[in-house]
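Going down the list, the sequences are from chains A and B. For the first sequence, position 3 matches number 3 in my numbering, and the numbering has no gaps at all. All you need for my numbering is the position in the second sequence, starting with 1, plus 100. From the three backbone atoms N, C-alpha and C, an ideal C-beta is built for every residue, glycine too. Remember, predicted model here, so these are calculated numbers, not experimental data.
Number of protein chains: 2
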Amino acid sequence: MFNAKVYITLKKSIADPQGNAMKEALLAMKYDGVKDVRMGKLIEIKLENKNAAEAEKRVRDMCETLLANTVIEDYTYDILEVGP
Amino acid sequence: MFNAKVYITLKKSIADPQGNAMKEALLAMKYDGVKDVRMGKLIEIKLENKNAAEAEKRVRDMCETLLANTVIEDYTYDILEVGP
Numbered sequence: 001m002f003n004a005k006v007y008i009t010l011k012k013s014i015a016d017p018q019g020n021a022m023k024e025a026l027l028a029m030k031y032d033g034v035k036d037v038r039m040g041k042l043i044e045i046k047l048e049n050k051n052a053a054e055a056e057k058r059v060r061d062m063c064e065t066l067l068a069n070t071v072i073e074d075y076t077y078d079i080l081e082v083g084p
Numbered sequence: 101m102f103n104a105k106v107y108i109t110l111k112k113s114i115a116d117p118q119g120n121a122m123k124e125a126l127l128a129m130k131y132d133g134v135k136d137v138r139m140g141k142l143i144e145i146k147l148e149n150k151n152a153a154e155a156e157k158r159v160r161d162m163c164e165t166l167l168a169n170t171v172i173e174d175y176t177y178d179i180l181e182v183g184p
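This is how it looks when you write it as structure tokens:
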């Protein structure tokens with residue numbers, strides 16, 4: 001069994017109105033050190049695969065085909081093997 | 101300058117319809133090893149604070165007061181010091 005954590009972030013060049021709104025809210029709450037906020041997604045997936053290489057390939061395929069919109073988003077992932 | 105990454109996840113006991121929909125979509129796409137999918141948020145914050153202890157306190161306060169809904173969500177964070 002593998003636990004994959006997929007981190008999806010907007011590309012640097014893409015505007016992030018949700019992040020900006022959160023930044024403005026934090027500044028309004030007197031968190032005045034805040035310079036930038038970007039919102040992304042964290043997707044945790046439990047996978048049953050034979051080996052780590054296969055799990056890694058699966059996760060990359062899922063990111064490319066469903067999880068991330070690669071036109072505007074970047075993705076990274078961690079995969080951790082856990083007990084059966 | 102500090103880069104904080106805040107990871108917000110639904111508590112285990114809270115149903116995650118968005119994660120379930122994603123799991124069903126992955127299964128429909130023949131990713132048959134998928135056992136569970138949970139959706140969370142990743143919030144990247146650039147902070148200007150004097151020192152790491154102050155930045156850490158700030159980030160924890162932000163999570164408690166704005167970023168996470170602590171009734172239904174858990175949060176963790178990484179803070180990395182970067183050049184000025």
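Three or more beta-carbon pairs drawn from the segment 133 to 145 of chain B and the segment 41 to 49 of chain A are found closer than 8 Å, and the two stretches are therefore classed as touching. Only residues of its own chain outside the window of five on either side were considered, and among them Ile-72, Glu-73 and Asp-74 have a CB closer than 7 Å to the CB of A:Lys-11, listed in chain order.
Annotation for A:Gly-19: Val-37, Arg-38 and Met-39 place their beta carbon closer than 7 Å to its own, counting only its chain and skipping 5 residues before and after.
Here A:Lys-23 is buried. Its C-beta has 16 or more other C-beta atoms within 10 Å.
Residue pairing by DSSP places B:Met-139 opposite A:Ile-43 in a beta bridge. A Cβ-Cβ contact shorter than 7 Å links A:Val-59 with A:Ala-4.
Around the Cβ of A:Thr-76, a 10 Å sphere holds fewer than 16 other Cβ atoms; the residue is exposed.
Contacts between A:Tyr-75 and chain B, judged by CB atoms closer than 7 Å, are missing: the closest CB pair is about 11 Å apart. Among the residues of the segment 155 to 172 of chain B, those with a Cβ less than 9 Å away from any Cβ of chain A are Ala-155, Arg-158, Asp-161, Met-162, Thr-165, Leu-166 and Leu-167, in the order of the chain. For the segment 125 to 154 of chain B, the set of positions with a beta-carbon nearer than 8 Å to some beta-carbon of chain A reads Ala-125, Leu-126, Met-129, Tyr-131, Gly-133, Val-134, Lys-135, Asp-136, Val-137, Arg-138, Met-139, Gly-140, Lys-141, Leu-142, Ile-143, Glu-144, Ile-145, Lys-146, Leu-147, Glu-148 and Asn-149 in chain order. DSSP, reduced to helix, strand and coil, places A:Val-82 outside both helices and strands of the structure shown, so it counts as coil. Taking the Cα positions, B:Leu-127 is about 16 Å away from A:Lys-57. Annotation for A:Leu-27: the continuous alpha helix (DSSP H) segment containing it runs 17 to 28. The beta carbons of B:Leu-142 and A:Leu-42 sit about 5 Å from each other, so the pair counts as a contact at 8 Å. Going by beta carbons, B:Ile-108 and B:Ala-168 fall inside the 7 Å limit.
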